[in-house]
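Residue 443 in our numbering sits at position 443 of the sequence shown, and the numbers go up by one each step.
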Amino acid sequence: MGVGTYEAYIERMKKMKPNIYLDGKCVDRMGPWNEGGFWVMKQCYDIANDPEYADVCTATSHLTGETINRCTHIHHSQDDLLKKQLMTRLVCHRVGGCMQRCMGTDALNAIAVVSYDCDQATGTKYHERFNRYLEYCQKYDLICNCAQTDVKGSRNSKYKRAHQQPDPDMFLHVIKTDVDGVGIDGKPCKGVIVRGAKICNSCAPYVDEIIATPTKFMGRGDEGYAISFALPADWDGIKLMALPGLHHKRKHLEAPFNRNGDNESLTIFDDVFVPEERIFLNGYDNEDAVQYAGYLALMFAHFHRHSYTGCKTAVSEIIASQAALVADVNDIAKAEHVREKICDIIGTAELVFAAGQASAYRAVEFPNGSWVPDEILTNAGRRLAGHNIYHEYEILADLTGGVCASLPTEESFFAPETAELCNKYIMRNPEYTAEETHRVMRMMEDKLCDAFEGAQCVAGVHGGGSPLMETITLMSRYDLEELKKIAKYLAGFDGVECPRYERKTATPRAMLERFQKTQRQDGM
Numbered sequence: 001m002g003v004g005t006y007e008a009y010i011e012r013m014k015k016m017k018p019n020i021y022l023d024g025k026c027v028d029r030m031g032p033w034n035e036g037g038f039w040v041m042k043q044c045y046d047i048a049n050d051p052e053y054a055d056v057c058t059a060t061s062h063l064t065g066e067t068i069n070r071c072t073h074i075h076h077s078q079d080d081l082l083k084k085q086l087m088t089r090l091v092c093h094r095v096g097g098c099m100q101r102c103m104g105t106d107a108l109n110a111i112a113v114v115s116y117d118c119d120q121a122t123g124t125k126y127h128e129r130f131n132r133y134l135e136y137c138q139k140y141d142l143i144c145n146c147a148q149t150d151v152k153g154s155r156n157s158k159y160k161r162a163h164q165q166p167d168p169d170m171f172l173h174v175i176k177t178d179v180d181g182v183g184i185d186g187k188p189c190k191g192v193i194v195r196g197a198k199i200c201n202s203c204a205p206y207v208d209e210i211i212a213t214p215t216k217f218m219g220r221g222d223e224g225y226a227i228s229f230a231l232p233a234d235w236d237g238i239k240l241m242a243l244p245g246l247h248h249k250r251k252h253l254e255a256p257f258n259r260n261g262d263n264e265s266l267t268i269f270d271d272v273f274v275p276e277e278r279i280f281l282n283g284y285d286n287e288d289a290v291q292y293a294g295y296l297a298l299m300f301a302h303f304h305r306h307s308y309t310g311c312k313t314a315v316s317e318i319i320a321s322q323a324a325l326v327a328d329v330n331d332i333a334k335a336e337h338v339r340e341k342i343c344d345i346i347g348t349a350e351l352v353f354a355a356g357q358a359s360a361y362r363a364v365e366f367p368n369g370s371w372v373p374d375e376i377l378t379n380a381g382r383r384l385a386g387h388n389i390y391h392e393y394e395i396l397a398d399l400t401g402g403v404c405a406s407l408p409t410e411e412s413f414f415a416p417e418t419a420e421l422c423n424k425y426i427m428r429n430p431e432y433t434a435e436e437t438h439r440v441m442r443m444m445e446d447k448l449c450d451a452f453e454g455a456q457c458v459a460g461v462h463g464g465g466s467p468l469m470e471t472i473t474l475m476s477r478y479d480l481e482e483l484k485k486i487a488k489y490l491a492g493f494d495g496v497e498c499p500r501y502e503r504k505t506a507t508p509r510a511m512l513e514r515f516q517k518t519q520r521q522d523g524m
């Protein structure tokens, strides 16, 4: 199949067992709680099947040579990274926000790199397993997400290690090994039992597969926490505590923007059997494999932040487009302060996208054949986006004015007794009709005043890692000692020549090497 269809996806959703919990009740996937997410996924499938976008949204599988959806592709060149970034940007424009398939793409790419490296170093057999799983995802164009963020429990320094938590279940972990169970194909097999929960697990209530990865580095004593696997989203023992995100319902003024939505999940693994064939890292298999938990966590975050240089560029461009339109509707578009404010947003968008492009151009090939972008540039772009997102919403609110927060109800503009007066007094710029003006203000109501968009604003800061995480990553990768040699030369330090300073490409492997060194020094 290779490139799937929305119709086939919906048929799969209909067949899945109910395991979504909404207000304490178990529900299936076909209710209004998933409508917004389904609409976004439809756009993802439709654009991949549109010949106009085939060069960007499809790719050739390195496993089978067949045409596949780029969302299931492993990046094997700089061009793959650039097209992934561009695809993300295009789809986000189309849906008015997050494309929602990026997590699955980034998890697949991270495991492709780390499973191979782990096998080569420790003698495990994860990469072969992973490739079988990847081919399955590519064949049916399955939608995956990544369950990475553990609930984490106490942040107190004395509980900093996963196995030191007062409650051991605060990080997802293996509680039983070498267990007899039933595999994905319904046949008897060996596996493990896992327990724990993942939070901020976007889209889990309407994906085919949930891919679990560690959330941090693990060391001695954390063997059970160094676990990565993939399971169907309705697998026995998985319980999805849902938070639907939807815009205001429209009766008369339905538009693409207010159809967008999602469904977040606190994903609970309640003593879940994981078949061996679906395990891509397990600290109990080899004590040397434990260190690859943090490496996988970093690699996923890295690929995901590179995706954000496409996604957050699009989000800023959407806000800039809305700002420009609402300023025109309010008949203030020519004011100098308006141009200055819109320029702020455009400048951020262009710099974030440029950081992602430059990161791809500085990408390096890893031993498994994957290309990994430059970590410093990726994090610099994502950090800039996170720092500016609230400012962009502030600009949009400023240019819109307070009317979006106090509009009469939508029906008032269509009811016989009130329609004429409401449409008369909504008018601003005579170049726009009353309905066009009304549509723009309703869009601004959705963008600035509803609960879903409030959550999206927070996601713009914290999704893929908050600016603090990007700061930590940047400062751990950037060689300040080498950089300071420039200043030492300029200050006239004895014996210091002006260095030929050229920053080397930074990748998550450097962090793995530092962690390994620390373990040796600590006797871990």
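Every residue, glycine too, gets a C-beta built ideally from N, C-alpha and C.
- About 6 Å separates the Cβ atoms of A324 and I342, confirming a contact at the 8 Å cut-off.
- The C-alpha of P205 is placed about 13 Å away from the C-alpha of I211.
- About 4 Å separates the Cβ atoms of C144 and E209, confirming a contact at the 8 Å cut-off.
- The criterion of a C-beta distance shorter than 8 Å is satisfied by H248 and D450.
- The Cβ atoms of G97 and V315 sit closer than 8 Å to each other.
- Beta-bridge analysis with DSSP links A59 to I68.
- Judged by DSSP secondary structure, T105 falls within the alpha helix (DSSP H) whose first and last residues are 102-122.
- Counting along the chain, the unbroken alpha helix (DSSP H) around A434 starts and ends at 434-449.
- At the C-beta level, H76 and S466 stay beyond 8 Å of one another.
- Taken through DSSP and simplified to helix, strand or coil, R382 comes out as helix.
- As a beta-bridge residue in DSSP terms, G196 pairs with F269.
- Looking at the backbone, the Cα of A335 and that of V56 are separated by about 38 Å.
- The DSSP-derived three-state label of M241 is strand.
- Its chain contains P188, K190 as the residues whose beta carbon lies nearer than 7 Å to that of D180, once the 5 sequence neighbours on both sides are disregarded; these appear in chain order.
- The region 227-237 makes no contact with the region 245-260: fewer than 3 CB pairs, one atom from each, lie closer than 8 Å.
- Around the beta-carbon of M475, fewer than 16 other beta-carbon atoms lie within 10 Å, marking it exposed.
- Annotation: the continuous alpha helix (DSSP H) that includes D344 extends over 336-361.
- Under a 10 Å Cβ-count criterion, P214 is classified as buried, with 16 or more other Cβ atoms of the shown protein chains found around its own Cβ.
- Under DSSP, D262 forms a beta bridge with G245.
- Of the candidates V329, R500, P168, E513, the residue whose Cα lies closest to the Cα of H438 is V329.
- Note on geometry: alpha-carbon atoms of A48 and K139 lie some 14 Å from one another.
- Shown here for T473: same chain residues with a beta carbon closer than 7 Å to its own, the five before and five after excluded, namely E375, N379 in chain order.
- In this structure, the straight-line span from the alpha carbon of I279 to that of L86 is close to 32 Å.
- Each of E135, W33, L90 was checked against the Cα of I68, and the nearest Cα belongs to E135.
- Its chain contains I342, I345, I346, A349 as the residues whose beta carbon lies nearer than 7 Å to that of A320, once the 5 sequence neighbours on both sides are disregarded; these appear in chain order.
- Using a C-beta cut-off of 8 Å, the region 494-506 makes no contact with the region 410-427, since fewer than three inter-stretch Cβ pairs fall below that distance.
- V272 is not a Cβ neighbour of A197, given a cutoff of 8 Å.
- The count of Cβ pairs closer than 8 Å, one atom from the region 379-393 and one from the region 449-464, reaches three, so the stretches are in contact.
- Looking at the DSSP output, I389 bridges to nothing.
- F38 carries a helical assignment under DSSP once its states are collapsed to helix, strand and coil.
- Inclusion of Y361 and P508 in the CB contact set at 8 Å is not warranted, their separation being larger than that value.
- For G153, the CB contacts under 8 Å within the same chain, skipping 5 residues up- and downstream, are Y159, Q165, P166, D167, M170, F171 in chain order.
- Bridge pairing for K176: I193 [DSSP].
- Around L512, the same chain offers Y295 as residues with beta carbons nearer than 6 Å, after the five sequence neighbours per side are excluded.
- For A147, the number of other beta carbons within 10 angstroms of its own is at least 16, and it is reported as buried.
- When secondary structure is reduced to three states using DSSP, W371 falls in the strand class.
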